[in-house]
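Remarks on the structure that follows.
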Amino acid sequence: MLAYTIRRVLISVPVLLGSTILVFIMVKLSGDPLESIKLRNPPPPPQTIKLEEHRLGLDQSWPLQYWNWLKGLVLHGNFGAAVQPSDNIGSEIGSHLWVTMRLVFFSVLIALILAIITGVLSAVKQYSALDYTTTFFGFLFLSMPVFWFAVLLKSWGIWYNQNVSANTFYTIGDKSVVLENDTTWGHITDVAGHMVLPTIVLGLAGYAGWTRFTRASMLEVLNSDHVRLARAKGLRSRKVLVRHALRNALIPLTTVTALDIAALLGGAILTETVFQWQGMGALFVQSLRDKDAHLMMGWLLVSATIVILFNLIADLLYGVLDPRIRHA
Amino acid sequence: MTEPTTKAAAPSAGKPVATDPATGRVEREFTVKDRSQFQQTMRRFLRHKLAVGSLIVFLLLVLFAFVGPHLWKYQYTTITPDNSVPPSMKHPFGTDNLGHDMFAQVLRGLQQSIKVALSIALIATVGGTLWGTISGYYKGFVDNALMRFADLILTIPSLALAAALANNFSGSWWIIAIILGGLAAPYVGRVVRGMVLSIREREYVEAARALGASDIRIMLRHLVPNAFAVVVVNATLLVASGILAETSLSFLGFGVRPPDTSLGVLITLGQGAVNTRPWLFYFPGLFIILVALTVNFLGDGLRDALDPQQTRQRR
Amino acid sequence: MRTTKGLFGLVAVGVASLLAVSACGGGSGSSTGGGDTSSSFADCATKPLTCNSGTTKQGGTVTYTIEKTISGWNLNSAESNTFDFQEVLDGVLPQGPFINTPDLQPTLNSDLMVSAEQTSTSPQTIVYKINPNASWNDGTPINADDFTYMWKTNNGVDCKTCDPASTAGYDQIQTVTGSDNGKTVTVVFKTPYTDWKGLFGPMYPAHIANQHGDLGASWKWLNDNQPTYSGGPYVITGYQKDASVTETPNPKWFGKTKPSLEKLVFRIITDQNQEVPALQNNEVQTIYPQANADIINQVKQINGVQYMLGKGLQWEHLDLNLKNPLMADTKLRQAIFTTIDRKQLISKTVGQFDPGITPLNNHNFMPNMDGYKDVISSTGQGTGDVAKAKSLLTGAGYTGVGTALKSPSGAPVQFRCSFTQGNVLRQQSCELFQTELQALGIKVTPTPITSLGDTLSSGDYDMIIFAWVQTPFIFSGAYQTWLSTSSSNYGHWTNSQSDALLKDAAQNTDHAKAVQDLNDADQIMANDAYVLPLFQKPTFLAAYSNIVNIRDDATSTGPPYNVQEWGMRAS
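Top to bottom, those sequences are chains G, H and C. So the first sequence is numbered by full-length UniProt numbering: it starts at 1 and just counts up by one. So the second sequence is numbered by full-length UniProt numbering: it starts at 1 and just counts up by one. So the third sequence is numbered by full-length UniProt numbering: it starts at 1 and just counts up by one.
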């Protein structure tokens with residue numbers, strides 16, 4: 001297993017490098033990051049432009065720019081200069097990653113719990129009203145544009161606040177700047193109030209997929225021979241459900257969840273924009289807007305590493321949970 | 001864009017359809033009751049009422065989108081004197097501030113969105129099937145190269161990659177379709193490769209090879225048709241996720257670009273109006289949901305119909 | 001988005017607003033006009049300096065919304081020369097000898113200065129007398145050193161690694177001399193500079209800068225580090241990167257009005273569509289977005305919030321590219337501009353939420369500025385007079401007038417109308433022009449562009465809509481923009497007579513003569529149908545009505561120009 005892990009990690013290095021080259025070229029093609037400065041009127045003195053070009057390495061050829069970036073990264077762990085001068089890309093990514101991961105973690109946690117409960121129930125009570133209801137809503141959530149729903153949810157949140165005359169839900173940021181109730185409890189409700197709406201939005205698409213999946217794999221296991229055998233042997237149905245069926249049904253779900261991390265990071269771009277969270281999504285939008293090659297390469301390296309990591313975890317978990325599979 | 005694969009692949013990917021539905025007509029020597037196989041599939045599908053209903057609704061939507069603009073009194077570019085009026089007999093979906101009739105706009109948006117979504121599914125399916133088949137059949141270096149490239153694309157959140165790519169182009173609908181379709185292809189490729197890897201070891205493929213069939217012939221006659229079920233289901237779900245992907249891209253400002261329009265463009269423009277001119281926000285949104293929902297139901301029905309093992313359990 | 005220093009900041013509003021797409025115009029039809037009459041903003045049109053005033057009570061927090069994340073703190077550097085950052089630092093840095101007040105006049109900053117006067121015109125000499133009590137919050141007096149530091153870092157000569165947003169004016173200064181213990185500053189110019197009132201603001205503390213290396217190093221240090229120093233009513237006490245800046249009153253503030261608020265917060269919301277919900281949910285108490293009908297109608301529905309529409313300094317215009325051989329014909333240009341109906345454009349877009357908007361008729365002065373003169377009406381442009389346009393074309397030998405227009409040499413006349421993608425207002429303007437120019441037989445294709453800058457500098461356009469932002473300092477900017485050889489004269493219109501007038505206007509110490517020269521030059525350009533001014537964009541300020549003394553300032557200083565006076569209404 002260790003050898004397998006090491007091999008997988010080594011394989012991913014060229015993949016990562018390849019994707020940074022790809023993104024580097026794409027950003028370079030998209031235009032001049034200094035455009036907004038150059039366009040000022042009266043125009044800034046030529047010296048100003050030269051200084052900026054030098055700071056960002058724009059006075060060098062593309063291959064050299066990329067090589068310098070790579071060298072800086074490998075030798076000094078330096079992600080290069082950002083278009084926004086006061087930004088240190090490394091620490092920016094660090095703080096933004098924390099915000100996004102917190103959002104993703106809670107979304108996944110809640111969505112998974114709900115998905116398993118509703119998925120199992122709808123498999124066990126197949127063709128019941130409950131099954132049809134969860135199926136319908138599952139499909140509905142799958143079919144809704146993320147930000148469309150986010151905008152709706154936001155206006156419901158505000159409507160609720162105004163009807164109870166209290167600030168239960170917040171619509172921007174991950175915490176208040178000035179806290180009226182400056183106690184531990186006040187902090188907790190404040191953070192929770194900021195988290196509820198974005199968590200629902202981000203979790204919803206995941207939930208819809210996972211509950212369908214749980215239902216399908218649950219049905220498959222329930223109809224498999226060993227569960228039938230367990231039933232035939234006279235085991236109580238709850239025990240069969242939990243010990244035999246659920247356990248086997250959850251193995252593929254762990255894989256699927258881990259593989260969905262890339263989609264969740266994509267969803268975070270939309271969610272963070274609507275709710276004004278300063279996470280990885282906001283950072284990505286900034287890199288696009290600034291045409292900031294270094295920032296986008298840094299963003300990409302970190303996101304891709306996370307995705308690769310989760311894929312690896314998925315594989316390893318699969319091996320641990322299902323004894324039939326062993327990685328050589 | 002990942003959702004379709006995980007869901008589509010999940011219940012059926014592991015267990016490819018045992019018999020060979022599409023090969024029957026040609027490879028008679030290996031065929032067992034091919035016609036009844038197809039009939040069974042049809043029968044199973046038709047029994048799935050929701051899926052059949054969805055298919056009808058979807059076809060009606062397509063008809064509506066492509067024929068409607070010719071029958072409706074306003075073009076999507078027409079500027080009427082009615083500025084920002086709510087829905088009425090004259091303007092069933094109201095108008096925007098310039099006086100564009102929203103019904104005409106939604107028709108046009110629906111048309112463009114369906115074009116984009118269908119193209120995404122087509123590009124991803126054809127590209128992905130080729131990708132996966134070649135990769136799975138040849139193994140070795142070709143497989144390695146193709147799969148590493150797939151990994152490269154799959155490790156980046158596809159919305160981000162699509163936005164960064166689309167940033168370099170004008171927002172014609174077909175460019176958006178190529179970008180999103182191209183980015184979805186590796187997903188399909190990975191699934192197909194998995195199936196091909198298992199099928200290529202089957203006895204009848206061995207036999208065909210022994211009889212001197214060429215690589216291309218084996219791929220086209222045996223491998224592709226066997227992966228058919230999974231590919232079709234995947235393609236259907238790609239239509240649904242395609243329409244949503246275009247919407248997300250439009251929200252970020254990199255989808256189809258005005259003055260052309262799509263449902264994604266319309267709801268992005270209408271989001272500020274949700275409380276003041278709700279017709280600008282809700283109508284296009286409802287149509288996106290309608291398209292995605294019917295296609296998802298359709299895909300679900302197809303999956304059941306094409307995967308006999310699971311259907312036996314269901315019915 | 002608006003540059004704080006440039007006379008005309010080329011509007012990056014379109015470029016930068018990746019997400020700020022919002023439907024412009026439209027409305028419920030019940031819009032009653034520029035401002036809610038019940039609100040205390042009602043008289044802002046007539047009393048721009050005193051509307052919404054009232055007595056404050058001690059305490060309270062006001063959260064003001066800005067739209068960009070802060071990337072640097074040195075407002076004079078090209079990197080950080082941004083309207084939103086300026087707003088945050090309005091209450092922290094001395095705004096200079098003159099403040100751009102809501103009446104769009106540079107007004108003596110009487111907290112900082114005793115006087116600032118031009119004592120000689122040859123050579124031009126300005127004498128500044130600084131308030132003897134003016135000091136930084138560490139007790140160091142504000143004096144001539146701060147002026148000298150500002151001059152040396154911004155003149156492009158003394159500091160080779162500084163990146164000033166503009167050297168205009170500073171590069172014309174001969175000497176800066178302190179006397180009277182540094183409290184009197186005498187500035188002598190090499191060549192006359194008309195807009196001298198725009199110099200020396202915002203100021204940074206030279207004594208702190210000097211602790212951080214030479215001019216270049218300290219310049220960078222000022223940009224990279226959040227100020228703990230203050231020479232204004234507030235001092236920054238909290239900063240969450242990308243989210244908010246918190247300010248509290250500066251105990252050493254030397255000005256007349258002491259701040260009454262306990263805290264002043266600047267909250268960053270980068271997507272304009274999210275501002276109104278945040279206001280509605282009382283997460284912010286005041287917003288200053290680009291106005292559109294939906295924003296205004298939503299704000300109207302919020303209890304306890306009042307709003308005002310002001311006359312902005314940003315103006316939209318349609319430019320023709322004379323490099324296009326067809327466009328080189330003045331008659332065709334005149335016909336195009338004559339066919340365009342600006343009143344119709346306004347009523348279909350901005351007029352739906354701000355009935356006060358009228359077509360703009362000058363390229364340099366806004367109607368609410370001294371010096372405004374109508375140079376367009378006499379030309380008949382922007383009226384939608386199709387008959388007149390047709391006769392112009394027929395007279396010039398065009399064929400196919402009204403069907404498929406062909407130039408006298410037989411080339412079909414068709415153009416792109418370029419607009420910044422995502423900018424709905426400009427997109428809709430192009431769509432309207434497309435419909436209107438059909439009447440002449442001209443085929444217009446609305447074309448979205450990704451980069452306004454690239455398009456303008458490469459000249460890859462036929463017709464283009466964008467905006468300029470004025471500051472009260474007009475003359476040197478007009479010189480930069482309209483001069484035949486200027487790099488910002490994107491459409492390549494050339495006229496030697498106009499050039500001479502522009503040059504004189506920028507260097508004349510007699511204000512009235514400068515105004516007349518500039519308007520004469522403008523009339524020449526208007527007659528030639530090169531750039532058609534469309535309208536002045538409205539500004540929109542919304543705030544909870546228990547906040548007093550907040551009011552719009554459409555200049556580059558922004559509404560926080562009088563932030564020390566803001567407070568909760570005493571009941």
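Backbone N, C-alpha and C fix where the C-beta goes; we use that ideal spot for every residue, glycine too.
Spatially closest choice to residue i from the options, by CA coordinates
| i | options | result |
| --- | --- | --- |
| V27/G | A293/G, I117/G, V307/G | A293/G |
| P233/C | P533/C, D111/C, H492/C | D111/C |
| R102/G | G209/G, H54/G, D174/G | D174/G |
| K443/C | S378/C, G477/C, C430/C | C430/C |
| P66/C | S457/C, L215/C, H511/C, T82/C | First, the amino acid is wrong: residue 66/C is Ile here, not Pro. The shortest C-alpha separation from I66/C is found at T82/C. |
| W221/C | N74/C, V375/C, W468/C, V284/C | N74/C |
| P446/C | T455/C, Q421/C, R416/C | R416/C |
| P48/C | Q564/C, S571/C, T555/C, I302/C | T555/C |
| K115/H | K73/H, V57/H, I176/H | I176/H |
| I173/C | N143/C, K190/C, G356/C, G59/C | K190/C |
| V62/C | P289/C, Q285/C, G371/C, I376/C | Q285/C |
| I113/G | L253/G, V307/G, V302/G, L316/G | L253/G |
Whether residue i touches residue j by CB criterion (8 angstroms)
| i | j | result |
| --- | --- | --- |
| A505/C | D517/C | yes |
| S135/H | L146/H | yes |
| L306/H | T41/H | yes |
| F147/G | F66/H | no |
| Q344/C | P259/H | no |
| G382/C | S545/C | no |
| T247/H | V57/H | no |
| L219/G | L264/G | no |
| N281/C | I25/G | no |
| G99/H | N83/H | yes |
| F535/C | V350/C | yes |
Neighbour-count burial assignment, residue i, 16 or more Cβ in a 10 Å radius
| i | result |
| --- | --- |
| D87/G | buried |
| L7/C | Annotation note: pLDDT 36 at L7/C (below 50); position unreliable, coordinate value reported separately. So L7/C counts as buried. |
| H48/H | buried |
| T246/C | buried |
| P251/C | exposed |
| E201/H | exposed |
| T133/G | exposed |
| T101/C | buried |
| T494/C | exposed |
| W566/C | buried |
Limits of the alpha helix (DSSP H) - the one that residue i falls within
| i | result |
| --- | --- |
| Y207/G | 184–222 |
| I93/G | 89–124 |
| Q428/C | 424–437 |
| P252/G | 247–259 |
| M89/H | No alpha helix (DSSP H) holds M89/H; DSSP gives it neither H nor E. |
| F535/C | That residue, F535/C, is in no alpha helix (DSSP H); its beta strand (DSSP E) goes 531–544. |
Start and end residues, beta strand (DSSP E) containing residue i
| i | result |
| --- | --- |
| T186/C | 184–189 |
| N100/C | 98–100 |
| V305/C | 305–320 |
| E247/C | 244–249 |
| V444/C | 443–449 |
Integer Cβ distance of residue i from residue j, believed to fall under 8 angstroms
| i | j | result |
| --- | --- | --- |
| I120/H | L238/H | 6 angstroms |
| W136/C | Y229/C | 6 angstroms |
| V563/C | G96/C | About 15 angstroms separates the two Cβ atoms, so there is no contact after all. |
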